[in-house]
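Q: Note that the numbering used here has the sequence shown beginning at 8, numbered continuously upward.
Every residue, glycine too, gets a C-beta built ideally from N, C-alpha and C.
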Amino acid sequence: MSCASCVAGIETAVGGLPGVASVTVNLATGTALVGYRPGVTTPAQIKHTIRDLGYEAAEKLEGVAALDREREARQREIRRQAAWMLVAWPLALIVMVGTFQEIWVFPTFVPAWMGHRYFLFALTTPIVLGPGLQFFVNSFRGLRHGVTDMNLLYATGIGAAYLIAVINTFWPAAGFGGPEATFYEAAALLTAFIILGRYLEALTRGRASEAIRKLMRLQPKTARVWRAGAEVEVPADEVEVGELVTVRPGEQVPVDGILMQGYSAVDQSMLTGESMPVDKRVGDQVIGGTLNKTGAFQFEATKVGRDTALAQIIKLVEDAQASKAPIQKLADLVAGRFIFWVHVLSLAVFLFWFFLGYARFFDPATRLMLTPYGLGEIGVFGFAMLISVAVLVISCPCAVGMATPSAMMAGTGKAAEHGILFKSADAIESSSKLTTLVFDKTGTLTRGEPSVTDIRPAPAWTESDLLALAATVETNSEHPLGEAIVRGARDRGLSGAASGATADIAGFAALPGLGVEAQVNGRGILLGNRRLMQERRVSLGPLEREAEALELDGKTVMFIASDGLAAGLIAVADTLKEHSADAVRILHQLGLETVMITGDNRRTAEAIGRQVGLDRVLAEVLPEDKAREVQALQERGRRVAMVGDGINDAPALAQADVGMAIGTGTDVAKETGHVILIKDDLRDVVSAIEVARATMGKVRQNLFWAFIYNTITIPFAAGLLYPWSRQVVSPELAAFLMAISSLTVTMNTTLLKRFVPSPRKPDRVVKPPQTLAPVAGGAP
């Protein structure tokens, strides 16, 4: 495929098959995603339809096999176009020398017979019917299915120039310009330049999927497993779940698993972007594709084949690269109709110069642009044909079609290098337009590992009794606050109470956004935030003032009541993540508003907001209301990203224009959100936005160039300035400019490889983290 018209042609032809529900073709990746009913159509019919259009087609393989087949296909295309270049260019250069022999500085070295039209015919014919034949065959196949693509443009331009040259060679009196209008050099050089463009395109387009290939290369081909008491080497894709695998220093981990024996440091940078090797001990997870640096170890395989983290990451990147952003759909629509209207324009240009323009404006001193070669008495037909062919050839829908998918492919690859996975091209486009970032708190801005800092018992209660009672209620809690209380009890030697071993617990109920209640040894116990106490009409008395002071210090306060009477309070604080404040500061530099949404009371929430430097704080928000708050921001015209860990904020992640799930690790398949941040580092939010903006910047640059190029060059080739310049664009110059236009888009896209997000620049200075922060929710 070479342009958006090719994409539209395949989508139209395959979409017309019975039983086909959807077709999405990606120009940059060379893939088609087809949804069909197996009982109505088959993959063989789909492949036959695509091949009938003149394209190769095969079912997509997985992993390294797909990489090998892609490389073979690309190398085959490069060799094919290189072979055609070896045919076309030597002959085309001889045709050019023969045609322009009168203007060379040393005409004595150019025999007169080299300019004879029969000699030029003998050299041009092998070019047109050899390297150029592919354009005629493919355009014919397309027309059979009602498809017009770049092959038709090429075939029309080459065919028109060659046909007129042949007619004027053998029938000079036919009225098509005579011997002066042979056009052999146009047909020969036009073919040669197009073949050169195809060759360079094949060289550069293969580099666009470099990120996928890098990921696929991480997958080892073999693994050492223990079978029947002996270590044997088997293909990596044959490892089964539960088998024991051995990895030595310097080797790659073949599949995912749990380390069972040994100790080592593992380099995970190729998957997560972490710069330093990660220590691995017994019980730790190891990831397939990562590099073992130091010691040997054995691990039990837990995920193999398509279930490994590496396979899931590759699939996400492939899916994103195969998807289409809204801006690309518009570009494809324009480019898909481009070919037809260029043919209409070319015909109109021919008719104008044939019936009106030639008689009014033609000057025998007219020259081909950028050459001293004059046209002479080319005749009205020859002159009109020359200009109309130049219009056909100079137009470049390829640049329009490649502008978006090539940039999206490079952008998703660059993001993957930093452990950022965009699930679709739409996510990239949406991320580039964000105005507001909404953060969950626990596990997002903070580490999610709170600890007990203060215990304030009411009269008749002791600190130990109060903490033991709270730990008993929270024995089986999975909420960070409840876990913090249980840990605090254990740390103080209250393990029996913390385990609930000596207590009779009944009627336990979690109250979302409020706390918990239970019956402990016959007493009704409430443990939760201020709102819970107010709803149950528990008078806090002096505890209220103590709570306010603690909250001003950024601590989360939980009250305990026994049989309707306040028993005391427990304060918990969390540690801010190392880079939270730095990430927020960079987001402000990018012109983005930052908002925190939490279930904590306002004093606590505002305290952490000041520590991090947030613009706004939305406090005392129940979990089920987070999505509603995000929607409220959207209704005010904000483009909102929600950043959370996906535990209790999945609805808000789904409601946001962009949901960013942070700290997912390598379990990426189940994550909610449009963007997955593998590392637990808020700076990756910045990196994701900057990569998205850089990618969309390249898309806009590419589209601007493509549209400006066509807007300027097509009227120029049509002779708009001819009445004043007395120069015309030759078809060969038009072919050269067309090739340069496509290459400009491709080369501009490759500049994304040099892009480095600001948090990853080596000169980035990071402020030390704040020490205390409250925990989101305000209640277990």
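#1: According to DSSP, simplified to helix, strand and coil, what is K287?
#2: Taking the DSSP output, what are the residues bridged to K562?
#3: Since M409 and S749 are thought to touch, with beta carbons under 8 Å apart, how far apart are those beta carbons, to the nearest angstrom?
#4: Taking the alpha helix (DSSP H) that L393 belongs to, which residues open and close that run?
#5: Report the three-state DSSP secondary structure of F369 (helix, strand or coil).
#6: Span of the beta strand (DSSP E) holding T443?
#7: Does the pairing of the segment 361 to 373 with the segment 322 to 332 give three or more beta-carbon distances under 8 Å?
#8: Sorted by chain position, which residues of the same chain lie with C-beta nearer than 6 Å to P464's C-beta, five sequence neighbours on each side aside?
#9: Under DSSP, the beta strand (DSSP E) around Y270 begins and ends at which residues?
#10: So what does DSSP say about T301, is it helix, strand or coil?
#11: Can you tell me which of the three DSSP states I294 falls into?
#12: Using a 10 Å radius around the Cβ and a threshold of 16 neighbouring Cβ atoms, would you call L521 buried or exposed?
#13: Considering Cα atoms alone, identify which of K430, D339 and K287 is closest to A327.
#14: Which whole-angstrom value describes the C-beta separation of L207 and I165, a residue pair presumed to lie in contact below a C-beta threshold of 8 Å?
#15: Classify R690: buried if its beta carbon has 16 or more other beta carbons within 10 angstroms, exposed otherwise.
#16: Counting C-beta neighbours from all protein chains within 10 Å, is the total for V351 16 or more, i.e. buried, or is it exposed?
#17: What's the call for M745, buried or exposed, on a 16-neighbour Cβ count within 10 Å?
#18: Quick check on D664: buried or exposed, where buried means 16 or more other Cβ atoms within 10 Å of its Cβ?
#19: On the premise that T411 lies in contact with A5, defined as a C-beta separation below 8 Å, what is that separation, rounded to the nearest angstrom?
#20: Going by beta carbon distance, what residues of the same chain come within less than 6 Å of S271, once the five residues before and after it are set aside?
#21: Can you give the Cα-Cα distance for P138 and M92, rounded to whole angstroms?
#22: In this structure, does DSSP put I715 in helix, strand or coil?
#23: Note the first and the last residue of the continuous beta strand (DSSP E) segment covering S29.
#24: CB-CB under 7 Å to Y161, same chain, minus the five flanking residues each way: which ones, in chain order?
#25: Nearest-angstrom Cα distance between P371 and N175?
#26: Using DSSP with H/G/I as helix, E/B as strand and the rest coil, what is F762?
#27: According to DSSP, which residues form a beta bridge with G531?
#28: Just mark L684 as buried or exposed, buried being the case when its beta carbon has 16 or more other beta carbons within 10 Å.
#29: Could you give the DSSP three-state label for I492: helix, strand or coil?
#30: Return the chain-ordered list of same chain residues with a C-beta closer than 7 Å to the C-beta of G22, the five sequence neighbours on each side being excluded.
#31: Let's see if you can read the secondary structure: which residues bound the alpha helix (DSSP H) around I669?
#32: Under 8 Å, with one C-beta from each stretch per pair, do the segment 549 to 564 and the segment 593 to 611 reach the 3-pair mark?
#33: Would you tell me roughly how many angstroms separate the C-alpha atoms of S484 and E490, rounded to the nearest one?
#34: Shortest alpha-carbon distance to I385 belongs to which of Y365, S732, G726 and I401?
#35: Check whether the segment 643 to 653 and the segment 439 to 458 are in contact - that is, three or more C-beta pairs closer than 8 Å.
#36: Considering only their Cβ atoms, is the gap separating L534 from I567 smaller than 8 Å?
A: From the atom records:
#1: Correct three-state label for K287: strand.
#2: For K562, which the question treats as bridged, DSSP gives no partner whatsoever.
#3: M409 to S749, Cβ: 7 Å. Contact.
#4: Residues V387 to I401.
#5: Residue state, collapsed to three classes: coil.
#6: Unbroken beta strand (DSSP E) run through T443: T443 to F446.
#7: Result no; under three Cβ-Cβ pairs closer than 8 Å.
#8: The answer, listed in chain order, is E470, L473 and G575.
#9: Looking at the DSSP string, Y270 is not in any beta strand (DSSP E), and its letter there is neither H nor E.
#10: The three-state secondary structure of T301, taken from DSSP, is coil.
#11: In this structure, I294 counts as coil in the three-state DSSP scheme.
#12: Under this definition L521 is a buried residue.
#13: Comparing alpha carbon positions, the residue from K430, D339 and K287 closest to A327 is K430.
#14: The beta-carbon distance between L207 and I165, rounded to whole angstroms, is 19 Å. This is too long to meet the 8 Å contact definition.
#15: Around the beta carbon of R690, a 10 Å sphere encloses 16 or more other beta carbons of the protein chains shown; the residue is thus reported as buried.
#16: It counts as exposed.
#17: Buried is the call here.
#18: Classification for D664: buried.
#19: Here the chain comprises residues numbered 8 to 787, so residue 5 is not present and cannot be evaluated.
#20: For S271, where only same-chain residues beyond five positions count, the Cβ hits under 6 Å are K287, N299, T301, G302 and F304.
#21: P138 and M92: Cα-Cα distance of roughly 8 Å.
#22: Here DSSP, grouped into helix, strand and coil, assigns I715 to helix.
#23: Run containing S29: V27 to N33, per the beta strand (DSSP E) assignment.
#24: Excluding residues within five positions, the ones whose Cβ falls inside 7 Å are F142 and I201.
#25: Between P371 and N175, the C-alpha separation is close to 19 Å.
#26: Here F762 sits in coil by DSSP.
#27: Under DSSP, the beta-bridge partners assigned to G531 are Q526.
#28: Residue environment analysis places L684 among the buried positions, since at least 16 neighbouring C-beta atoms fall within 10 angstroms of its C-beta.
#29: Looking at I492 - three-state DSSP - the assignment turns out to be helix.
#30: Only V30 meet the Cβ criterion.
#31: Element bounds for I669: not the alpha helix (DSSP H) but the beta strand (DSSP E), V665 to I669.
#32: The segment 549 to 564 makes contact with the segment 593 to 611, as at least three CB pairs between them are under 8 Å.
#33: Whole-angstrom Cα-Cα distance: 6 Å.
#34: Ranked by how close their Cα comes to the Cα of I385, the residues Y365, S732, G726 and I401 have Y365 in first place.
#35: The way I'd put it, the segment 643 to 653 does touch the segment 439 to 458; three or more beta-carbon pairs between them come closer than 8 Å.
#36: Yes, these two residues count as a Cβ contact at 8 Å.
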